[in-house]
Amino acid sequence: MPSSPKGGREGLQEQLAQFRREAVTPRKRKLIKIAKALFSKFKRTRRDLQKSKKSISSLLNESEGHIPFLEKFAGKLSKAAAVFIAAQLRTTVQKARARRWSLEEKLLFLSILRRSPKAYSLLSALFTLPTPRTLSKFLNLIPLEPGINHHVFKSLSKSLARLPKEQRICPDIRRNEYPGACSIRMDTMPSDVLVDILVEVLQQCYAAGLTVLSTVCDMAAKNVKALRIMGATEKRPYFLFQEKKVVAMFDVPHLLK
8 MPSSPKGGRE GLQEQLAQFR REAVTPRKRK LIKIAKALFS KFKRTRRDLQ KSKKSISSLL
68 NESEGHIPFL EKFAGKLSKA AAVFIAAQLR TTVQKARARR WSLEEKLLFL SILRRSPKAY
128 SLLSALFTLP TPRTLSKFLN LIPLEPGINH HVFKSLSKSL ARLPKEQRIC PDIRRNEYPG
188 ACSIRMDTMP SDVLVDILVE VLQQCYAAGL TVLSTVCDMA AKNVKALRIM GATEKRPYFL
248 FQEKKVVAMF DVPHLLK
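Written out as structure tokens, the structure is:
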């Protein structure tokens with residue numbers, strides 16, 4: 008029985024030797040030349056790839072659980088930058104299914120994804136990032152209940168302590184959204200319950216250091232009644248809360264729909 012053809016360099020050399028023993032046509036001679044060039048290019052590419060893997064692995068010290076290369080520049084990098092670079096250095100040498108992400112990494116990448124899904128899609132093509140499904144599963148683990156989110160207001164209070172007064176008044180300066188409270192929507196929710204929710208949210212806002220200038224709603228019947236209970240009227244479209252004026256405004260985008 009004829010022996011099975013060998014693979015790799017030995018198989019290629021054996022086939023080339025067989026061509027030399029036979030009558031080689033000009034077409035076969037050209038193919039032999041192309042095959043030699045491609046095999047040489049393959050060897051160079053494989054050698055360069057092995058060198059790059061060794062250089063990346065040398066930056067990591069997995070046995071000690073840290074990255075010596077990154078520690079040299081930790082003082083010059085922001086926390087987010089250090090987390091991002093460390094994640095890239097660690098996961099580059101790992102297979103896709105073997106990658107594990109720390110809590111800090113998930114929080115960082117989740118903030119990018121929630122800020123701009125398109126930007127996250129672009130970054131995923133350029134860097135090694137967790138999939139949106141992985142981050143969605145992580146987000147579902149966070150317990151959320153109706154009512155005031157005290158963790159958000161506590162974090163907001165710390166951030167506001169470093170801001171000037173004008174950025175505590177005008178939310179358009181920073182263009183941030185803070186989900187400070189959520190409630191279960193009921194079509195039969197009484198207006199007095201809406202008043203209780205509004206008062207509780209206003210109290211938390213002032214306690215955190217925010218200066219509330221206005222409230223916005225679509226002016227449905229129950230919302231209008233709740234604002235009237237708070238003291239707002241057509242002639243005086245505002246109410247007083249903790250001796251400060253809060254203007255009741257229409258939801259203009261809702262009116263334009």
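In this note's numbering, each residue carries its 1-based index in the sequence shown increased by 7.
Where a beta carbon is used, it is the ideal one built from N, C-alpha and C, also for glycine.
- Phe248 carries a strand assignment under DSSP once its states are collapsed to helix, strand and coil.
- Each residue's CA atom was taken as its position, placing Arg97 and Ala105 some 11 Å apart.
- Inter-segment contact for the segment 152-159 and the segment 108-123 is absent: fewer than three beta-carbon pairs are separated by less than 8 Å.
- In its chain, beyond the 5 residues on either side, Leu220, Ser221, Thr222, Pro244 and Tyr245 have a beta carbon closer than 8 Å to the beta carbon of Val254.
- Here Phe134 carries a coil assignment [DSSP, helix/strand/coil].
- Phe91 and Thr99 have their C-alpha atoms roughly 12 Å apart.
- Assignment of beta-bridge partners to Val206 by DSSP yields no partner.
- With a 10 Å radius around the Cβ and a threshold of 16 neighbouring Cβ atoms, Phe134 comes out exposed.
- Each residue's CA atom was taken as its position, placing Glu152 and Ser198 some 22 Å apart.
- The residue from Glu173, Tyr213 and Ser143 with its alpha-carbon nearest to that of Glu250 is Tyr213.
- Judged by DSSP secondary structure, Val231 falls outside any beta strand (DSSP E) and instead within the alpha helix (DSSP H) spanning Ala228 to Met237.
- Secondary structure at Ile149: coil, using DSSP grouped into helix, strand and coil.
- DSSP lists Phe257 as the beta-bridge partner residues of Cys224.
- One Cα belongs to Lys102, the other to Glu111, and the distance between them is close to 21 Å.
- By a beta-carbon distance limit of 8 Å, Pro137 does not contact Phe160. Their separation comes to about 29 Å.
- With respect to the 9 Å criterion, Thr141 and Lys165 are not classified as neighbours on the basis of their beta carbons.
- When rounded, the separation of the alpha-carbon atoms in Gln57 and Phe49 is 12 Å.
- Beyond the five residues adjoining it in sequence on each side, Ala87 comes within less than 7 Å, by CB distance, of Leu115 in the same chain, given in chain order.
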